[in-house]
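Residue 464 in the working numbering sits at position 62 of the sequence shown, and the numbers go up by one each step.
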Amino acid sequence: ALSTNLLILDETLENLSSQGVADFIEMFKVNFQNISLFVISQRKNEFEEFFENQIHLILDSEGFTKIYE
Numbered sequence: 403a404l405s406t407n408l409l410i411l412d413e414t415l416e417n418l419s420s421q422g423v424a425d426f427i428e429m430f431k432v433n434f435q436n437i438s439l440f441v442i443s444q445r446k447n448e449f450e451e452f453f454e455n456q457i458h459l460i461l462d463s464e465g466f467t468k469i470y471e
């Protein structure tokens, strides 16, 4: 059994269709209600409706990652 309060998915959902993403998020909400979920993805438009908080990162002109505001 899984016992954690934090789950990080780094591009794990990248190969899912838009419907697959929606199905996963629904399954997650039903089965893991007290876990914080962090999804790392390049598919911002497909994930943003499912999360209250988002952090967007970009590369600056010198090649460093920074938070995009």
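We treat Cβ as the ideally placed atom computed from N, Cα and C, and that holds for glycine.
Original post:
Where does Phe430 fall in DSSP's three states?
Top reply: Your numbering for residue 430 matches position 28 in the sequence shown. In the structure shown, Phe430 sits in a helix (DSSP, three-state: H, G or I).
Original post:
How big is the Cα-Cα spacing for Glu451 and Ser420?
Top reply: Here residue 451 refers to the residue found at position 49 of the sequence shown. Here residue 420 refers to the residue found at position 18 of the sequence shown. One C-alpha to the other measures close to 12 Å.
Subject >> Nearest candidate by alpha-carbon position, reference Lys446, set Glu413, Leu409, Leu408 and Phe430 >> reply: One-based indexing of the sequence shown puts residue 446 at position 44. It is Glu413 whose Cα lies nearest to the Cα of Lys446.
**OP:** Compute the distance between the beta-carbons of Ser443 and Glu471, then report whether it is under 8 Å.
**Re:** Against the sequence shown, residue 443 aligns to sequence position 41. Against the sequence shown, residue 471 aligns to sequence position 69. Contact flag unset, no.
Original post:
By DSSP, does Phe452 sit in helix, in strand, or in coil?
Top reply: Walking along the sequence shown from the start, residue 452 turns up at place 50. If DSSP states are grouped into helix, strand and coil, Phe452 belongs with the helices.
**OP:** Please go through the same chain and pick out, in chain order, the residues whose beta-carbon is closer than 8 Å to the beta-carbon of Glu448, but skip the five residues on each side of it.
**Re:** On the sequence shown, residue 448 is found 46 positions in, with the first residue counted as 1. Answer for Glu448: Ser420 and Val423, listed in chain order.
**OP:** Give the single residue among Ser438, Glu428 and Gly465 whose Cα lies nearest to the Cα of Gln456.
**Re:** If you number the sequence shown from 1, residue 456 lands on position 54. Closest option to Gln456, Cα to Cα, is Ser438.
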